[in-house]
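Enquirer:
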């Protein structure tokens with residue numbers, strides 16, 4: 137599996153939602169046993185020592201409800217090829233709590249990645265990139 141760069145942009149004061157289609161996978165099938173994990177970190181904390189990075193600012197585990205995390209939304213099949221849709225969700229409180237850097241009002245650059253595995257796929261990185269937190273005028 138070769139990871140793909142996919143930069144994300146999220147407004148600080150609203151929930152974040154992003155969906156992805158994984159073509160060729162039916163992760164709802166019995167025995168599929170999918171594993172997903174995503175984390176958002178500050179770029180400076182990605183590698184700070186030989187023992188690995190510091191704690192992430194957001195953990196996104198696999199969930200089955202509308203909680204902060206990664207949810208398998210369903211599968212569709214076209215021409216015999218299954219496609220599973222997954223959704224990343226970060227609630228409004230977690231978005232507001234993301235760190236701030238630079239001057240007041242500056243957007244914040246973080247980094248993120250998504251790991252994936254199933255019974256037929258060895259664990260690896262599926263997606264990675266920047267996670268840009270956009271500061272906006274409306275605070276609710």
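Numbering (this note's numbering), first residue to last: 137 to 276.
Idealized CB from N, CA, C, for every residue including glycine.
1. Starting from the N-terminal side, write out each stretch of the alpha helix (DSSP H) that is 4 residues or longer and does not extend beyond the segment 140–227.
2. Given that a residue counts as buried once 16 or more other Cβ atoms are within 10 Å of its Cβ, and exposed if not, what is residue 255?
3. By DSSP's criteria, residue 254 is part of a beta bridge. Which residues make up the other side?
4. Do you know offhand how far residue 157's Cα is from residue 219's?
5. Assuming residue 194 contacts residue 230 (C-beta within less than 8 angstroms), just tell me the rounded distance between them.
6. Identify which residue in 175, 162 and 169 has its Cα closest to the Cα of residue 265.
7. Can you tell me whether residue 234 is helix, strand or coil according to DSSP?
8. Give me the Cα-Cα distance between residue 251 and residue 172, rounded to the nearest whole angstrom.
9. Considering only residues of the same chain and omitting the five flanking positions on each side of residue 246, which have a CB-CB separation below 8 angstroms?
10. Could you tell me if residue 249 is buried or exposed, where buried requires 16 or more neighbouring beta carbons within 10 angstroms of its beta carbon?
Expert: So, from the listed chains and residues:
1. none
2. exposed
3. 257
4. 6 angstroms
5. 6 angstroms
6. 175
7. coil
8. Their Cα atoms are separated by approximately 6 angstroms.
9. 176, 177, 178, 179, 193, 234, 235, 266, 267, 268 and 269
10. buried
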